[in-house]
Amino acid sequence: MPEGLVYFVELMFGVGMFVNAALFIPQAVKIYRTREVGDLSILMFVGFNVVQIFSILHGYIHRDFILMAGFLLSLIFSGTITVLILLYDKKD
17 MPEGLVYFVE LMFGVGMFVN AALFIPQAVK IYRTREVGDL SILMFVGFNV VQIFSILHGY
77 IHRDFILMAG FLLSLIFSGT ITVLILLYDK KD
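Following this note's numbering, the numbering of the sequence shown begins with 17 at its first residue and continues without gaps.
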């Protein structure tokens, strides 16, 4: 594979990892401002967190620091949503 193409793919992968993490931010801000979680699934966000933890560990094992950093940011933001769901879910 040409070196320029490899560099481009690596760059886009890194950008994609950070965009993936950033996509959680608007949801976290909305929950924080409204104090309402609607029908968000705690199970789904716990599942996201578990997958992200194992993805971070996979990145560590393979020394893929872009993967680790991207999934760490995703874990922080989806973890924030998970905590907010637990705080503001009014279902009994």
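For every residue, glycine included, the Cβ atom is placed at its ideal position computed from N, Cα and C.
Collapsed DSSP secondary structure at residue i in the structure displayed
i    : result
R49  : helix
G32  : helix
M60  : helix
L116 : Outside the displayed span of the chain (17 to 108) sits residue 116, for which this structure offers no information.
L27  : helix
F70  : helix
Test item: CB-CB of residue i and residue j under 8 Å
i    : j    : result
M33  : G86  : yes
M84  : I72  : yes
T98  : V66  : no
F89  : A37  : Looking at the sequence itself, residue 89 is Leu, so the reference to Phe does not match. Against a cut-off of 8 Å, the Cβ pair of A37 and L89 comes out as a contact.
I58  : D105 : yes
I101 : V53  : yes
F24  : I82  : no
*Which runs of the beta strand (DSSP E) spanning at least 3 residues fall entirely within the segment 72-106, listed in chain order?*
none
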